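In UniProt numbering, the protein residues as written are 1 to 314.
So this is what it looks like as structure tokens:
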């Protein structure tokens, strides 16, 4: 089957800063990177003075524990033991939250995704991928007559040209990519110079959302797309359709810079190879928190060091 996303031509690249990038890869396993001094200082919560049960751990403490869980792929109980041993080695004289606390607080945690400030205009690239939900899996469900959870959630990402995640959303598998893409455009901070996406985002509403941010749209039209003659229309979309008809789809992809759409595909690869291809949390709120924490983890890893590549002439 021919891909409508990936071009048939392929450019080969060589990493030019391998020594620096290798140090960054090693640093990803540094526990102190994920257990920030701010979290250790604000680990506990002072008594509220109200009757009833009191929280013992701050949001920063819960976020640090759940981040360690994602980075090292630990179950909740092992996360508590792992964190307790780290605090003991560090002589921090702090308690570690247990798995029940992590599960309960992880459903309502307010997470601010770690952002990397960059100058200039933003070139936004959006797409979505599927993440499996926890359960016994398809094999067990089929063998035991439907017992087990079989399902998917959609992770929608908006990244810049360097692969930094600037917007994200977790939705049901049936969510329309173009509709969620409009939300990603709205969530992107700063000036948006361009928006790149695949043909699933070829809608008038998506073009209008990008136009409201004064952004150029780089979206290949569907095979059946025609210039609008009546009803809702977008002049920018009509121009794209005309350009593709005049140049040909492959020439248009090269001329428009559509190949940069591979940046978001690379972000999905990093997510699934580092974090995993599924969601461990069992509640809707917990899954959204997990996805937000994972996006912050990937951004922090990029901040440590990213590969600088150049095209190889063959």
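Each residue gets a CB set at the ideal place from its N, CA and C atoms; glycine is no exception. In this text, all values refer to a predicted model and were calculated from it rather than measured experimentally.
Per the contact definition of three or more C-beta pairs closer than 8 Å, is the stretch 247–254 in contact with the stretch 96–114? No, because fewer than three Cβ pairs between the stretch 96–114 and the stretch 247–254 fall closer than 8 Å, the two stretches do not touch.
Pairwise C-alpha distance: residue 301 and residue 19: Taking the first residue of the chain shown as position 1, residue 19 is located at position 19. Taking the first residue of the chain shown as position 1, residue 301 is located at position 301. If you take the alpha carbons of residue 19 and residue 301, they lie about 16 Å apart.
Same chain only: Cβ atoms within 7 Å of residue 285, ignoring 5 sequence neighbours per side: Numbered from its first residue, the chain shown carries residue 285 at position 285. In chain order, 107 and 108 place their CB closer than 7 Å to the CB of residue 285, counting only its own chain and leaving out the 5 sequence neighbours on each side.
For residue 55, the three-state DSSP class (helix, strand or coil): As a position in the chain shown, residue 55 is number 55, starting the count at 1. Coil at residue 55, not helix or strand.
Assigned secondary structure, residue 116 (DSSP; H/G/I helix, E/B strand, else coil): Here residue 116 is taken as the residue at index 116 of the chain shown, counted from 1. It is coil, neither helix nor strand.
As assigned by DSSP and simplified to three states, the class of residue 94: Numbered from its first residue, the chain shown carries residue 94 at position 94. Reduced to three states, the DSSP call for residue 94 is coil.
Tell me which residues share the same chain as residue 208 and place their Cβ nearer than 8 Å to its Cβ, disregarding the 5 neighbours each side in the sequence. The sequence position of residue 208 within the chain shown is 208, counting from 1. Annotation for residue 208: 234 place their beta carbon closer than 8 Å to its own, counting only its chain and skipping 5 residues before and after.
How many Å lie between residue 90 and residue 80 at the Cα? Counting from one through the chain shown, the residue named residue 90 turns up at place 90. Counting from one through the chain shown, the residue named residue 80 turns up at place 80. One C-alpha to the other measures close to 15 Å.
Go through its chain and collect everything with a Cβ distance to residue 1's Cβ below 8 Å, but skip five positions before and after it. Taking the first residue of the chain shown as position 1, residue 1 is located at position 1. The predicted position of residue 1 is uncertain, since its pLDDT is 46 and thus under 50; a value taken from the coordinates is nonetheless stated next. Sequence-distant Cβ neighbours of residue 1 in its own chain, meaning closer than 8 Å and more than five residues away, do not exist here.
Do three or more CB pairs link the stretch 168–176 to the stretch 94–102 at distances below 8 Å? No, because fewer than three Cβ pairs between the stretch 168–176 and the stretch 94–102 fall closer than 8 Å, the two stretches do not touch.
Contact check, residue 133 vs residue 278 under 8 Å by CB: the rounded distance? As a first step, residue 133 must be located in the chain shown, where it is residue number 133. As a first step, residue 278 must be located in the chain shown, where it is residue number 278. That belief holds up - the Cβ atoms of residue 133 and residue 278 are roughly 7 Å apart, short of 8 Å.
Enclosing beta strand (DSSP E) for residue 169 [first to last residue]: Against the chain shown, residue 169 aligns to sequence position 169. Looking at the DSSP string, the run of the beta strand (DSSP E) that includes residue 169 is 165–172.
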